[in-house]
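Chains as they are written, first to last, in my numbering: chain A, 285 to 549; chain B, 285 to 549; chain C, 285 to 549.
Ideal Cβ positions, reconstructed from N, Cα and C, are used throughout, including at glycine.
Quick caveat, the model's predicted, so the values are computed rather than measured.
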């Protein structure tokens, strides 16, 4: 059963994030680093990209959360990701996987399969990516997806059960599941698909919300809700993808638990 | 003879691009990846940066077009570029070269000479770069150019004839030539030179328009025209380079063939 | 004694920068390259990221100034930085160090100690970073700082005397010192801490102002003042970090020596 996430949960999770200002270690792709960092700064987390073998394992262990995004994977970065994941797991630091374009290209598909076996706290992908990770046939062509998120809910639930991760399959409606309970977050706007990094930045938000989260399912769902709600508000105040991006960051920054609680009445 | 490109050709080429939503494989420089991706998303193409040796050749072959930009060239990336070019040529995927700062630095000059011998579909550069590639003396200092685009038209025409590529030499007016016919696109605004990546993103637009193009000369010229026309409109609606960038992306997104056809009356 | 920098000095330094349009070689981190380049273009300098071993030493020597920022340091980039610094010193090109997160991670701490021994023209950091570089105990966690800039003025003055560099310790108020004279620049706005790269871009401004500077202390202080003054103006015209970034670039672009001189009356 898929129920819409109550806004009061989003408000509570945002209040928790703002109170802790988590340090998030980002091992993400070359293209989206600036928008990803800005999304985290706007919501109230502290991003840090520490990418050297000499530093990444140590830094993952002292961070509040870790993000691993395979968008522009290559061997040196893959090595660092593996070290950071081992270190995060040893230190009980939650980590999130964004399996960009998994299923399309063998190299990253193999890497993602190894990552999934390392007990991620959360996995965030579009329908094609979640279908591919769960072993279903997929039809993506990079970050695009040709599949509707609803079509991947069963795959997401199966992936959550087999890995122990919270799995978010995002699209027009996002579905977030631990394999037993599945929340739906129906917010967002199509212009978000015309701004590079909105999906990757959502994965960073997911990582930020998992830091010290008493309820990881609600944390991940709240991250999806915050991105969708702010995307909707920002789209209403902008004229296209350029002005949208600025408005999106402003909206994340100005959002408060109280604003959310008033809307939920 | 240099004639101004008719707007009706721009409209027809834009309609063709929007109908096909080409997947564009971008091997570009470190600095401009986000704006390059956002320009392609705004106009209606799908960008993908796939940079590993393990993936790039395969991905180039399944893309609609490939861009090779040498702005931040280094050995590992150079290897991947060569592999992607070979693969694109084998699969008959059109590819575009942006020879950033060629002629200023020996390493990239040598790389660009090798690339030019690999039958690019299109080459897009400023006057200094086109003069250097064609073997004329140049005077650039990086991405800046001290030469006027008109001064490089003869070099562009010679380069087009010797390589078989469509050559675009861009500046206050852009000239696009196949060695026989030369279109001029006189649109644009000086503020574009104060936003990093407008030239590199134009090369990505050129690549996108060459995907499945029945007339590559018109396709490349239309890419230059779209960038210039949207730049002019965006400059009129903004106050400096920061607001310009957002307005430029909005304008690319909102542009339609019908808007262009009405303006051409 | 710490005196507020007179605006007339800022105006004179800006006039000098605009007249020379310096070429600035940027070896900076992965995350902030676009905003750094855009800040330099907006103020009237020409940024270039030349990162290959094959090119960096040559390019540093023909540049007006060099920036070395260790934000995403890794071995290949470290090698290039060392070569560029040697080359800059041989050619009497001023260079600026941004020791991001020095003191938190051993690898970059060691690298920064080596860099500091290579006679930088300027060093720009937050209080934690300057305290760590000067050998005081620090408490940073990445680019964040938990210390107030005023608490690091003595460390900055000591670091300036021991290295010969102009040292800028930035925060709510910036302090810029050559070890004898210390300027304070009290301008800025808290929203700047919620936009990634404002500190790194300030270091690039510092580098740009040091190019051919007859008075490096005033040059570095003017860079801090320009960033702070434009940050204040931009914050007044924006609603959050997204609109701030665009307004900041616009304000840098529109700022003139005359505007500054009128304000100083």
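Starting from residue 513 of chain C and walking both ways along the alpha helix (DSSP H), at which residues does that stretch end? Within the third chain, the letter at position 229 stands for residue 513 of chain C. 500–520 is the span of the alpha helix (DSSP H), which, as asked, contains residue 513 of chain C.
Coarse secondary structure for residue 332 of chain C, derived from DSSP in three states: By 1-based counting over the third chain, the position of residue 332 of chain C is 48. The answer is strand: DSSP assigns residue 332 of chain C an E or B state.
Reducing DSSP to helix, strand and coil, say where residue 465 of chain A ends up. Here residue 465 of chain A refers to the residue found at position 181 of the first chain. Looking at residue 465 of chain A - three-state DSSP - the assignment turns out to be coil, as it is neither helix nor strand.
Does the distance from the CB of residue 465 of chain C to the CB of residue 504 of chain C come in under 8 Å? The residue labelled residue 465 of chain C in the question sits at position 181 within the third chain. The residue labelled residue 504 of chain C in the question sits at position 220 within the third chain. No, Cβ-Cβ distance for residue 465 of chain C and residue 504 of chain C is not below 8 Å.
Distance, residue 401 of chain C Cα to residue 468 of chain C Cα: Here residue 468 of chain C corresponds to residue number 184 of the third chain, with the count starting at 1. Here residue 401 of chain C corresponds to residue number 117 of the third chain, with the count starting at 1. Rounded to the nearest angstrom, the two C-alpha atoms are 26 Å apart.
Between residue 308 of chain A and residue 491 of chain A, which are expected to be in contact by the criterion C-beta below 8 Å, what is the C-beta distance as a whole number of angstroms? One-based indexing of the first chain puts residue 308 of chain A at position 24. One-based indexing of the first chain puts residue 491 of chain A at position 207. That pair is a contact at about 5 Å.
Can you find a CB in chain E that lies within less than 8 Å of the CB of residue 322 of chain C? Absent from the structure: chain E. Protein chains present are A, B and C.
Flag this pair as yes or no: are the beta carbons of residue 529 of chain B and residue 481 of chain A separated by less than 8 Å? Along the second chain, read from residue 1 onward, the residue named residue 529 of chain B stands at position 245. Along the first chain, read from residue 1 onward, the residue named residue 481 of chain A stands at position 197. No.
Over what stretch of residues does the alpha helix (DSSP H) that includes residue 437 of chain B continue unbroken? On the second chain, position 153 is the one that residue 437 of chain B refers to. Where residue 437 of chain B is concerned, the enclosing alpha helix (DSSP H) stretches over 437–447.
For the putative contact between residue 313 of chain B and residue 355 of chain B, defined by C-beta atoms under 8 Å, what is the C-beta separation to the nearest angstrom? Counting from 1 along the second chain, the entry for residue 313 of chain B is found at position 29. Counting from 1 along the second chain, the entry for residue 355 of chain B is found at position 71. The pair is a contact, with the Cβ atoms about 3 Å apart (cut-off 8 Å).
Test item: CB-CB of residue 343 of chain C and residue 357 of chain B under 8 Å: Mapped onto the third chain, residue 343 of chain C falls at position 59. Mapped onto the second chain, residue 357 of chain B falls at position 73. No.
Would you check if there are 3 or more beta carbon pairs closer than 8 Å linking the stretch 444–461 of chain A to the stretch 399–417 of chain A? yes
Measuring CA to CA, which of A/340, A/535, A/403, A/385 is closest to residue 360 of chain A? Within the first chain, residue 360 of chain A is the residue found at index 76, counting from 1. Here the closest residue by C-alpha is A/340.
Should residue 420 of chain A be flagged as near chain C, meaning a C-beta pair shorter than 8 Å? On the first chain, position 136 is the one that residue 420 of chain A refers to. Residue 420 of chain A does not count as touching chain C.
Does DSSP classify residue 351 of chain B as helix, strand or coil? Locating residue 351 of chain B in the second chain gives position 67, counting from the first residue. Strand, per DSSP.
State the CB to CB distance for the pair residue 488 of chain B and residue 320 of chain B, rounded to an integer number of angstroms; the pair is presumed to be in contact (CB under 8 Å). Translated into the one-based positions of the second chain, residue 488 of chain B becomes position 204. Translated into the one-based positions of the second chain, residue 320 of chain B becomes position 36. Confirmed, Cβ separation roughly 5 Å.
Helix, strand or coil at residue 312 of chain C according to DSSP, with G and I counted as helix: Mapped onto the third chain, residue 312 of chain C falls at position 28. Residue state, collapsed to three classes: coil.
On the premise that residue 395 of chain C lies in contact with residue 411 of chain C, defined as a C-beta separation below 8 Å, what is that separation, rounded to the nearest angstrom? The residue labelled residue 411 of chain C in the question sits at position 127 within the third chain. The residue labelled residue 395 of chain C in the question sits at position 111 within the third chain. 20 Å between Cβ atoms; not a contact.
Closer than 8 Å is the cut-off here; do at least three beta carbon pairs connect the stretch 531–538 of chain A with the stretch 510–518 of chain A? yes
Supposed close pair residue 345 of chain A, residue 374 of chain A - CB separation, criterion 8 Å: As a first step, residue 345 of chain A must be located in the first chain, where it is residue number 61. As a first step, residue 374 of chain A must be located in the first chain, where it is residue number 90. Indeed, because the Cβ distance is near 7 Å, the residues count as touching under 8 Å.
Using Cβ-Cβ distances below 9 Å, what residues of the stretch 462–495 of chain C are close to chain A? 475, 477, 478, 479, 480, 481
Answer with yes or no whether the minimum CB distance from residue 529 of chain A to chain C is below 8 Å. Indexing the first chain from 1 puts residue 529 of chain A at position 245. At least one chain C Cβ lies under 8 Å of residue 529 of chain A.
How big is the Cα-Cα spacing for residue 546 of chain B and residue 323 of chain C? Residue 546 of chain B sits at position 262 when you count from the first residue of the second chain. Residue 323 of chain C sits at position 39 when you count from the first residue of the third chain. Taking the straight line joining both Cα atoms gives about 37 Å.
Test: residue 391 of chain C CB closer than 8 Å to a CB of chain A: As a working note, residue 391 of chain C is residue 107 in the third chain. Output row for residue 391 of chain C: interface = yes.
Give the DSSP bridge partners of residue 380 of chain C, in chain order. Taking the third chain and counting its residues from 1, the one referred to as residue 380 of chain C is at position 96. Paired residues: C/351, C/406.
Report the residues of the stretch 304–322 of chain C with a CB closer than 9 Å to any CB of chain A, ordered along the chain. 313, 314, 315, 316, 317, 318, 319
How about residue 357 of chain C: is its C-beta nearer than 8 Å to some C-beta of chain A? In the third chain, the residue the question calls residue 357 of chain C occupies position 73. Chain A, which has a Cβ nearer than 8 Å to the Cβ of residue 357 of chain C, makes this yes.
Would you report the Cα separation of residue 475 of chain B and residue 524 of chain B, rounded to the nearest angstrom? In the second chain, counting from the first residue as 1, residue 475 of chain B sits at position 191. In the second chain, counting from the first residue as 1, residue 524 of chain B sits at position 240. Each residue's alpha carbon lies about 7 Å from the other.
From the beta carbon of residue 546 of chain A, is the nearest beta carbon of chain C less than 8 Å away? Within the first chain, numbered from 1, the residue matching residue 546 of chain A stands at position 262. It does not; no Cβ of chain C falls within 8 Å.
Could you confirm whether any beta carbon from chain C is found closer than 8 Å to the beta carbon of residue 326 of chain A? Here residue 326 of chain A refers to the residue found at position 42 of the first chain. Yes, residue 326 of chain A lies at the interface with chain C (some Cβ there is under 8 Å from its Cβ).
Does any CB atom of chain C fall closer than 8 Å to the CB of residue 291 of chain B? For this step, residue 291 of chain B is matched to residue 7 along the second chain. Residue 291 of chain B does not count as touching chain C.
Can you round the beta-carbon distance between residue 403 of chain B and residue 448 of chain B to whole angstroms, since I take them to be within the 8 Å contact cut? As a position in the second chain, residue 403 of chain B is number 119, starting the count at 1. As a position in the second chain, residue 448 of chain B is number 164, starting the count at 1. Sure, about 6 Å apart at Cβ, within 8 Å.
Does residue 525 of chain A have its Cβ less than 8 Å from a Cβ in chain B? By one-based count along the first chain, residue 525 of chain A stands at place 241. Yes, because at least one Cβ of chain B sits closer than 8 Å to the Cβ of residue 525 of chain A.
Might you give, ordered along the chain, the residues of its own chain that have their beta carbon closer than 6 Å to the beta carbon of residue 486 of chain B, omitting 5 neighbours on each side? Mapped onto the second chain, residue 486 of chain B falls at position 202. Result list for residue 486 of chain B: 511, in chain order.
Following the continuous beta strand (DSSP E) through residue 477 of chain A, name the residue where it begins and the one where it ends. Here residue 477 of chain A is taken as the residue at index 193 of the first chain, counted from 1. Per DSSP, residue 477 of chain A belongs to no beta strand (DSSP E) and is neither H nor E.
What does a CB cutoff of less than 6 Å around residue 326 of chain A pick up in its chain, not counting 5 residues either side in sequence? For this step, residue 326 of chain A is matched to residue 42 along the first chain. Closer than 6 Å at the Cβ level, and outside the excluded window around residue 326 of chain A, lie 533, 536, 537.
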